[in-house]
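258 is the number of the first residue of the sequence shown in our numbering; add one for each residue after it.
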Amino acid sequence: MLKDKKILKGVAMNKWFVTLLASLGLILVISGCSSKAEPVKDPKAAMYDFSNEKSFVVYGEGIAPKNTVSPAQAIALAKRAAITDGYRQLGEKLYGVKINSSETVQDAALKDSRIVASVNALVKDAAITDATFKDGLYSIRMEITMSARRWHELFAY
258 MLKDKKILKG VAMNKWFVTL LASLGLILVI SGCSSKAEPV KDPKAAMYDF
308 SNEKSFVVYG EGIAPKNTVS PAQAIALAKR AAITDGYRQL GEKLYGVKIN
358 SSETVQDAAL KDSRIVASVN ALVKDAAITD ATFKDGLYSI RMEITMSARR
408 WHELFAY
């Protein structure tokens with residue numbers, strides 16, 4: 258009699274185990290889980306269109322100094338100032354500007370106020386697309402173009 262009870266208990270345990278396995282399999286099928294591993298997609302990548310290019314345009318200006326040896330030197334120095342101004346503006350657009358300021362108050366009145374702006378940037382592959390010199394002012398149009406993917410790699414943070 259004791260032997261029969263052990264056999265019946267073992268059969269009941271096996272039925273319980275088979276039912277558990279069948280239930281887990283059914284849950285996996287219903288939930289859509291599969292054993293095949295799918296590549297993980299970057300959710301941010303769907304937000305950006307990497308098929309086009311991004312362009313940034315700035316206009317740099319430089320004036321010719323009054324004390325120059327020749328008109329050619331004046332034009333060359335004004336051109337150099339305009340190009341430097343263009344690079345500074347591109348650096349500001351791409352990387353931002355660091356601002357430091359200080360104020361001194363004495364006797365409840367502003368005595369001194371100083372604001373210092375600085376740009377720290379590396380600008381590569383900028384092209385001058387237009388240049389003019391008129392009335393001592395040298396003006397340039399400077400442009401930088403990069404793929405949207407490169408833009409995202411450099412500046413997405």
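In this text, a Cβ means the ideal position worked out from N, Cα and C, and glycines have one as well.
Own chain, CB closer than 6 angstroms to residue i, minus 5 neighbours either side, in chain order
i: Gly393; result: Ile320, Ala321
Beta-carbon spacing of residue i, residue j below 8 angstroms
i: Val373; j: Val354; result: no
i: Val380; j: Leu411; result: no
Exposure of residue i, with buried meaning 16 or more beta-carbon neighbours within 10 Å
i: Val315; result: buried
i: Gln346; result: buried
i: Lys323; result: exposed
i: Lys368; result: exposed
i: Asp342; result: buried
Other residues of its chain near residue i: CB distance less than 7 angstroms, five sequence neighbours each side excluded
i: Ser359; result: Arg371
Integer-rounded CB distance, given that residue j should sit under 8 angstroms from residue i
i: Ala384; j: Met399; result: 7 angstroms
i: Ile397; j: Ala339; result: 5 angstroms
Sequence-distant residues of its chain with Cβ nearer than 8 angstroms to residue i (five each side left out)
i: Glu310; result: Thr402, Met403, Ser404, Ala405
i: Trp408; result: Lys311
8 angstroms Cβ cutoff, residue i in contact with chain E
i: Glu360; result: Annotation note: the requested chain E is absent from the structure, which comprises a single protein chain.
**OP:** Ignoring anything shorter than 4 residues or poking outside the segment 325-353, list the alpha helix (DSSP H) runs there in chain order.
**Re:** Listed in chain order, they are 328-352.
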